[in-house]
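In full-length UniProt numbering, the protein residues as written are 1 to 568.
Ideal placement from N, C-alpha and C gives every residue a C-beta, glycine not left out.
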């Protein structure tokens with residue numbers, strides 16, 4: 001076996017695992033030289049469920065030569081104690097035996113005064129291998145991974161596994177100031193989705209303000225197109241974004257807090273949906289794709305307090321490789337005005353347009369959800385994602401949620417709140433034949449409440465987990481989100497409600513073998529989207545006459561009772 005010019009004993013397998021939800025196996029290799037690891041030479045292999053190799057990423061250097069003498073680099077970020085101790089540590093290490101693993105004792109500031117040490121190699125900038133001591137130094141507030149030259153005692157590489165970025169924000173799950181208070185969060189990024197954190201693009205570009213690999217967030221008070229040189233809060237070298245927020249003031253008075261909140265929510269949505277399959281290959285929004293596939297250079301441009309309008313928000317989604325653009329507006333229905341940047345449901349709704357557009361019809365096609373029922377569902381997925389991410393373990397299927405009530409002065413912005421009660425929200429598939437349902441937002445309300453039924457049906461069956469990032473198929477809330485996201489990728493371009501329904505049911509067949517078939521059908525049928533639901537005379541732009549169906553497949557038992565008609 002040979003990989004990149006290396007024989008099979010030229011590397012070791014560091015790790016491997018299988019993603020249960022799609023059957024993909026990930027294998028991680030580390031290059032060896034003279035039997036020792038080359039700490040920055042890695043390869044990852046991805047194999048599908050049939051063991052076919054589907055992608056490879058590699059920093060292996062088969063042509064690297066041993067540096068003579070070793071070229072050591074000083075670290076400009078070295079903590080003072082390590083700078084002072086580096087030479088002494090190197091002398092201690094060099095006096096040790098040639099065992100592959102040893103322990104230094106009496107190391108200042110280290111936990112238990114001990115540091116594990118290994119003899120490794122590192123590739124320097126001249127593509128040369130330099131022999132180093134690999135040290136892991138766990139301290140009270142930092143955990144350093146250092147590489148010290150075995151010859152000079154100088155620090156060649158230094159990484160702190162602890163990154164203390166902090167954001168004073170409304171955390172995911174707290175929709176707005178009416179639901180709870182801000183919290184100072186430390187390092188909320190997900191290491192799988194954002195391996196370099198939220199401010200480092202992993203290509204030498206690091207920021208201390210609200211720019212990063214997934215989103216550029218800034219004010220746009222003048223409402224103009226230019227965004228690169230707009231105002232952004234700066235967290236300094238410590239990346240602490242803790243700014244005052246007085247809700248009795250006008251939004252312009254707490255601009256830094258608003259931009260920080262917008263930056264946080266965008267990044268959280270990016271990281272969360274990464275777990276459910278909205279990755280680089282699927283067309284997600286990142287500047288650097290880390291050689292994982294897809295097209296980069298398309299982080300979201302998120303404008304806070306955009307001056308081009310009021311009482312709204314929007315999201316533009318071009319094909320993969322071009323920036324998505326989010327505009328968040330101030331709402332002036334109350335004095336003082338309210339800022340949509342502080343209502344995560346609105347931000348999530350807008351970001352969802354990017355998710356649904358990139359997944360439906362593929363990342364290169366942005367024209368699949370433009371109008372009619374397809375366009376309506378584009379709005380509905382946004383409301384659905386925003387609503388379910390507000391749920392908590394103590395909630396049950398009687399919960400009622402309003403969209404936009406904070407920004408809109410306490411009044412929801414949809415015809416009906418989201419509820420499983422037909423008395424509270426009477427929407428069924430056929431309601432879209434009524435006047436006022438021509439537009440995509442009105443249609444979206446219907447699709448969102450149908451998905452809300454699906455959500456609670458699965459939660460009632462499988463329970464609820466607070467860990468949304470687990471993407472667990474064994475809990476109802478995370479299973480529902482996974483099936484809906486998978487359905488986006490399975491459905492055709494310009495889908496009807498029936499197409500999207502069938503894709504979600506198919507997603508369950510793929511993921512669980514169809515264990516939830518009847519649960520899903522009954523939830524859809526409750527809102528008129530049973531097996532015989534249809535539309536006659538429809539056009540790509542909308543219209544047509546719809547027929548509700550409360551029928552489920554014959555192997556699912558009794559049909560769902562139809563709701564009382566308007567005439568009863």
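Residue from the options with nearest C-alpha to residue i
| i | options | result |
| --- | --- | --- |
| residue 296 | 364, 473 and 308 | 364 |
| residue 157 | 513, 494 and 147 | 147 |
| residue 237 | 25, 200, 220 and 468 | 200 |
| residue 219 | 486, 242, 246 and 260 | 260 |
| residue 452 | 436, 496 and 501 | 501 |
| residue 53 | 40, 59 and 25 | 25 |
| residue 183 | 304, 168, 525 and 207 | 168 |
| residue 345 | 390, 338 and 305 | 390 |
| residue 387 | 361, 525 and 176 | 176 |
| residue 338 | 360, 401, 248 and 367 | 248 |
| residue 19 | 523, 511, 533 and 532 | 511 |
| residue 152 | 517, 232 and 133 | 133 |
| residue 456 | 349, 523, 36 and 224 | 523 |
| residue 42 | 202, 51, 31 and 50 | 31 |
| residue 172 | 467, 422, 51 and 336 | 467 |
| residue 565 | 422, 444 and 484 | 422 |
Distance between beta carbons of residue j and residue i, contact taken as under 8 Å
| i | j | result |
| --- | --- | --- |
| residue 302 | residue 406 | Between residue 406 and residue 302 the Cβ distance is about 18 Å, and since that is not below 8 Å, they are no contact. |
| residue 347 | residue 377 | Not confirmed; about 20 Å, so no contact. |
| residue 428 | residue 548 | 5 Å |
| residue 558 | residue 525 | In fact, because the Cβ distance is near 10 Å, the residues do not count as touching under 8 Å. |
| residue 425 | residue 417 | 6 Å |
| residue 527 | residue 450 | 5 Å |
| residue 373 | residue 496 | 5 Å |
| residue 358 | residue 282 | 7 Å |
Beta-carbon spacing of residue i, residue j below 8 Å
| i | j | result |
| --- | --- | --- |
| residue 276 | residue 482 | yes |
| residue 214 | residue 289 | no |
| residue 235 | residue 271 | no |
| residue 580 | residue 542 | Residue numbering for the chain in the displayed model covers 1 to 568; residue 580 lies beyond these limits and cannot be assessed. |
| residue 307 | residue 222 | yes |
| residue 274 | residue 193 | yes |
| residue 430 | residue 546 | yes |
| residue 300 | residue 333 | no |
| residue 227 | residue 212 | no |
| residue 318 | residue 356 | no |
| residue 29 | residue 39 | no |
| residue 361 | residue 305 | no |
| residue 461 | residue 519 | yes |
| residue 486 | residue 492 | no |
| residue 439 | residue 458 | no |
| residue 340 | residue 298 | no |
Distance between residue j and residue i (C-alpha atoms, nearest Å)
| i | j | result |
| --- | --- | --- |
| residue 396 | residue 149 | 59 Å |
| residue 489 | residue 392 | 27 Å |
| residue 454 | residue 529 | 12 Å |
| residue 269 | residue 137 | 33 Å |
| residue 314 | residue 330 | 12 Å |
| residue 503 | residue 321 | 26 Å |
| residue 186 | residue 243 | 15 Å |
| residue 129 | residue 34 | 11 Å |
| residue 399 | residue 562 | 22 Å |
| residue 104 | residue 44 | 32 Å |
| residue 79 | residue 343 | Note that residue 79 scores a pLDDT of 33, beneath 50, so its modelled location is shaky; the value from the coordinates is reported in the next line. In a straight line, the C-alpha of residue 79 is about 40 Å away from that of residue 343. |
| residue 229 | residue 292 | 30 Å |
| residue 463 | residue 479 | 10 Å |
| residue 278 | residue 112 | 42 Å |
| residue 553 | residue 473 | 24 Å |
| residue 441 | residue 263 | 26 Å |
| residue 55 | residue 509 | 26 Å |
| residue 139 | residue 116 | 13 Å |
| residue 469 | residue 145 | 27 Å |
| residue 256 | residue 246 | 12 Å |
| residue 513 | residue 556 | 16 Å |
| residue 448 | residue 384 | 5 Å |
| residue 401 | residue 27 | 43 Å |
| residue 93 | residue 284 | In this prediction, residue 93 scores a pLDDT of 39, lower than 50, which makes its location untrustworthy; the coordinate-derived value is nonetheless stated afterwards. Their backbone Cα atoms lie some 45 Å apart in a straight line. |
| residue 120 | residue 36 | 5 Å |
| residue 82 | residue 11 | In this prediction, residue 82 scores a pLDDT of 36, lower than 50, which makes its location untrustworthy; no coordinate-derived value is stated. |
| residue 507 | residue 61 | 41 Å |
| residue 164 | residue 544 | 56 Å |
- Unbroken beta strand (DSSP E) runs of length 3 or more, entirely within the segment 305-389: which are they? 313-316 and 325-328
- Ordered list of beta strand (DSSP E) runs contained in the segment 196-235, each at least 3 residues: Fully enclosed beta strand (DSSP E) runs of 3 or longer: 215-219.
- Task: Return the chain-ordered ranges of every alpha helix (DSSP H) run that is complete within the segment 463-491 and spans a minimum of 4 residues.
- Result: Taking only runs of at least 4 residues, the alpha helix (DSSP H) segments lying wholly in the segment 463-491 are 476-490.
- In chain order, which alpha helix (DSSP H) runs of at least 4 residues are fully inside the segment 244-287? 255-275
- Query: At which residue ranges does the segment 135-188 contain complete beta strand (DSSP E) runs of 3 or more residues, listed in the order of the chain?
  - Reply: 143-149, 155-160, 166-169 and 183-186
- Starting from the N-terminal side, write out each stretch of the beta strand (DSSP E) that is 3 residues or longer and does not extend beyond the UniProt domain "FTP" (10-60). 11-18, 25-33, 36-47 and 53-58
- Message: Report the start-end ranges of each beta strand (DSSP E) in the segment 529-562 that is 3 residues or longer and not cut off at the edges.
- Response: 534-536 and 545-547
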